[in-house]
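Everything below concerns the one structure shown next.
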Amino acid sequence: MTPSQVTELAIFIALFAAVTVVGFVAVRWRAGSAGSRMDHLDEWGLGGRRFGSWISWFLLGGDLYTAYTFVAVPALLFASGALGFFALPYTVVTYPLVLLPLLRLWSVSRVNGYVTPADFVRGRYGSPTMALLVAVTGIVATMPYIALQLAGLEAVLRTMGLNGSGLVGHLPLIVAFVILAAYTYQSGLRAPALIAFVKDILIYGVILVAIIYLPAKLGGFGPIFHAADTKFTAARSGGLLLTGTNQLQYATLAFGSALALFLYPHSITGVLASRGREVVKRTMAALPAYSLMLGFLALLGYVAVAAHTKPIVNGATGKADSNTIVPALFSSQFPSWFAGIAFAAIGIGALVPAAIMSIAAANLWTRNIYKEYLRRDADDRSQARQAKLASLVVKLGAVAFIVLINPQYAIDLQLIGGVIILQTLPAVVIALYTRWLHIGGLITGWTAGQAYGLALLYQIPNPAAGSKHFGGSALALGKISVFGAHPFGGSPVQIYVGFVALVVNLGVAVVVTLLLRAVRVPIGADATRVADYHAEAGFPDTASPAGVLAQA
Amino acid sequence: MSTSPRRTHPSGGRRRRGMWNLLLLVPLFTLITPIFNYDQPRLGGMPFFYWFQFVGIPVGVLCTVVVYRASRGSAGPRDVDALEEGTRR
C-alpha cells in the first residue's frame, strides 16, 4: 500500500464511520408515536410514509443513481463509446413518462395501505397468484442489483490497495456490509434516507470538481474526444457516434430501461414513502438534476482514455476489472485526500441503494409471500419483525453472491433483471388505468414474456468475455424467429431484448384476454375504487378503514 | 365517500388537463437517434451527439414542470403538501 493510498483509506474510513453513526441514530429521526415505532411495516419499510420533497428527492436520487451506475456507465463509454451514453436519454425520458402512473399508484397505495407493487396487484385483481409472480420477479431482479452495489464498493476498495486474493480480499467488503445490515435492521428506510443527504452532497461535489478540473488539466473536451476517437479507430470497435446497427438498440435500451426503472421494488418503495402527491410531482420534476450529473459522469469514461488510465487487475479474479476505471482515474489525477473523498462518495453511494433494495425485497417477501402463504394471521408487529429478518437474509445472499461467484455473473443477472422486471409492466402499470386485461391474460403474458426474453438472452454471446450465453442485451433482429419464420431476415440491426419480450408479453395478454372474455371467464374482484387513484393525503378519501389502519 | 371537490370539475377542465399531459411525451425526442447522431456542430469541443442529449434534460424538466403547474389549480388545496400525516386526524 502506497502512502497516498493510506491517506485515501483514512479519509474513506472516517466518512464511512460518520455515515454509520447517522445510520444508527436515524431510528429516532421523525419517529412516529413511541408505541408504534418500528413495530409496523409502514414505519420500518416506508419511513412512516411522511417524507417531504427534499427528503424524497435525496432518497430517490440516492436510490436510483447507484454506485454501480457511477462506475459502470463511464466504464461502458471507456470500452465501447457512444452506446454507453444511453444512460442519459434513459433518465431524460423516464420521469415524464412515469409521473402520472406513479401518482395513481401513490394514491391507491395510500388509501388501501399497500406497501409493495404486488400488494396493489393483489387488491386490483384479487389474485394472490399474479401478486406472487410480481413479488418473485421483484426479488429476483433486485438481488443481483444489490450484488452489483457490492461490486461497485469493492472496485473502490481494491483501488485503495485492499486488493487481496481469496476470502481475505473480500473481508473489507464483508465488514462494510455487516455494518450496513445492522443499521438497516434497526432504522429501516430512515437510515438510507438520512445517509442519502451525505451521499448526494459528496457525489455532487466530486463530480463538479472532476468535470471542471480534469478537462482543464487535459486541455479541454476537444482533445478528450479526440483521444477517445483515436482509441476506438485503432481498436476497430466502438466509436464516438452510433453505427447503423446499434441505433435501434440505443433507443430501445433507453426506452425499455426507462419503463423498467420504476417497476423495480426499490424505486416504488422510495415513491410510496412520500408524504403526498405534490411531493411525488415535485420530486419527478427535480430528479433530472441528477441526469445532468450522470451525463458528465459518463464522459469521465473518455476522460480516462485521454488520461491513459488503466483498469486495475482484480486480485481475486486475476483479470483487469473495467469497473475500476473511474476510481483509477481519480487515484491518478487527484491529490490523495480528494481521491479519498471521491471513493467515500462512491462507497456510500453503494450503501444507500443497497439498503433500500434490501428493504424493498424484504417488504415483498413479508407482504406477498410470508403473510399470503405462510402465516395468514401475521399482525403488524410480526410482519415488521419478519421484514427486518428478511432484509438481513437478502444482504447475506448478495455478499455470498460476490464472494462465492464470479462478479461477472452479477452483471449478467442484472441484465436479465432489467428484462424480467419489465414483464411486470402490464400487471402493475396498465392495471393502474384499466382492468380490461384479464387476469388470465396477465399471467400468460407474463409467462410468455419471461420465457421468450430469457430464451433470447441465452442466445446472445459475449466474445470479449469468452461466454456463449447471456453476453448482453443487444439482439440482432435477424435472430428473432416467430415459430421458425424470420420476419426480419438476416438483419444485423440490433434491438433491446427486454423491449421485444414486452411486446410478446402484451400481445399474448391481449389475445388471451379476448379469448377469456369471449367465453365469459370471471375476472376477479377489484378491491380499489375509482376515487382511490386520485386521493390526496388528508382528504376524506384516505379515511377508508384500510387507509386508517395503514396510518395508525 | 368520494366527495372531494376536484372530481366535480367539468369535463372541459379535465380535457384541457389531458392536453397538457401530452407534453410529457415530448422528451421522447431524445430517443430518435437519426436526428442527432452527428459529430458536427461541436460545442466547446463536444460532438453534437452529446450536447444535443444534454439539452434534452432542461426540455424534460420544463415539460414536467408545466404539467405539474397545470394540474395544481384543480388538484385541491395548495397547502396540502404541508399537512403533517397522522397528526391531522
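Residue numbers (the working numbering), protein chains in the order written: chain A, 61 to 612; chain B, 47 to 135.
No residue lacks a Cβ here, since even glycine has one placed at the ideal position from N, Cα and C.
Values in this document were obtained by computation on a predicted structure and should not be read as measured data.
- Under the 8 Å criterion on CB atoms, G91 of chain B is classed as interfacial with respect to chain A.
- For V542 of chain A, the pairing in a beta bridge is given by DSSP as A:A545.
- Taking 8 Å as the CB threshold, P87 of chain B stays off the interface with chain A.
- In the three-state reduction of the DSSP assignment, D439 of chain A falls in the coil class.
- Between T588 of chain A and G183 of chain A, the C-beta spacing is below 8 Å.
- The beta carbon of Q519 of chain A lies closer than 7 Å to those of K539 in the same chain, with the five residues before and after it left out.
- The beta carbon of F145 of chain A falls within 8 Å of a beta carbon belonging to chain B, placing the residue at that interface.
- Taking a contact as a CB-CB distance under 8 Å, the pair A585 of chain A and A410 of chain A does not count as one, their CB atoms being some 43 Å apart.
- For I103 of chain B, the nearest CB of chain A lies under 8 Å from its own CB, placing it at the interface with that chain.
- Boundaries of the alpha helix (DSSP H) around I499 of chain A: I499 to Y518.
- For Q483 of chain A, no alpha helix (DSSP H) run applies, since DSSP gives it neither H nor E.
- Taking all protein chains in view, the Cβ of W117 of chain A is crowded by 16 or more other Cβ atoms within 10 Å, so the residue is classified as buried.
- Between P413 of chain A and L434 of chain A, the alpha-carbon positions lie close to 28 Å from each other.
- Neighbourhood of Q307 of chain A in chain B, by CB distance below 9 Å: T79, P80 and N83, in chain order.
- By the CB criterion at 8 Å, G558 of chain A and G316 of chain A fall inside the cutoff.
- Our two residues, V194 of chain A and V112 of chain B, have alpha carbons roughly 33 Å apart in a direct line.
- Between P275 of chain A and I263 of chain A, the C-beta spacing is not below 8 Å.
- R427 of chain A has its alpha-carbon roughly 9 Å from the corresponding atom of Y174 of chain A.
- In chain order, P521 place their CB closer than 6 Å to the CB of K528 of chain A, counting only its own chain and leaving out the 5 sequence neighbours on each side.
- Note on I81 of chain B: under 16 other CB atoms within 10 angstroms of its CB, so exposed under the neighbour-count rule.
- Contact annotation: in the stretch 106–121 of chain B, residues whose CB is within less than 9 Å of a CB in chain A are G106, V107, C109, T110, V111, V113, Y114, S117, R118 and A121.
- Under the three-state reduction of DSSP output, G248 of chain A falls in the coil class, being neither helix nor strand.
- Identification of chain B residues near S351 of chain A by a Cβ-Cβ cut-off of 7 Å yields I103, ordered along the chain.
- Around the beta carbon of S391 of chain A, a 10 Å sphere encloses 16 or more other beta carbons of the protein chains shown; the residue is thus reported as buried.
- Per DSSP, the continuous beta strand (DSSP E) segment holding L535 of chain A begins and ends at A534 to A536.
- L313 of chain A sits away from S140 of chain A, with the two beta carbons spaced by 8 Å or more.
- In terms of Cβ geometry, S351 of chain A and L148 of chain A form a close pair [threshold 8 Å].
- Contact of L74 of chain B with chain A is assigned, a C-beta pair being separated by under 8 Å.
- Note: I385 of chain A is not bridge-paired with any residue in the DSSP secondary-structure output.
- By the neighbour-count definition (other C-beta atoms within 10 Å, threshold 16), A345 of chain A is a buried residue.
- Cα atoms of S442 of chain A and V453 of chain A: separation of roughly 16 Å, rounded to the nearest angstrom.
- Spanning the alpha carbons of S247 of chain A and Y324 of chain A requires a straight line of approximately 22 Å.
- Not a single C-beta of chain B is nearer than 8 Å to the C-beta of G330 of chain A.
- Exclusion of the five residues before and after G549 of chain A leaves G538 as the residues of its chain whose Cβ lies within less than 7 Å of its Cβ.
- For L68 of chain B, no Cβ of chain A is located within less than 8 Å of the residue's own Cβ.
- Looking at A:D437, A:L482, A:N383 and A:L514, the one whose alpha-carbon comes closest to that of Q209 of chain A is A:N383.
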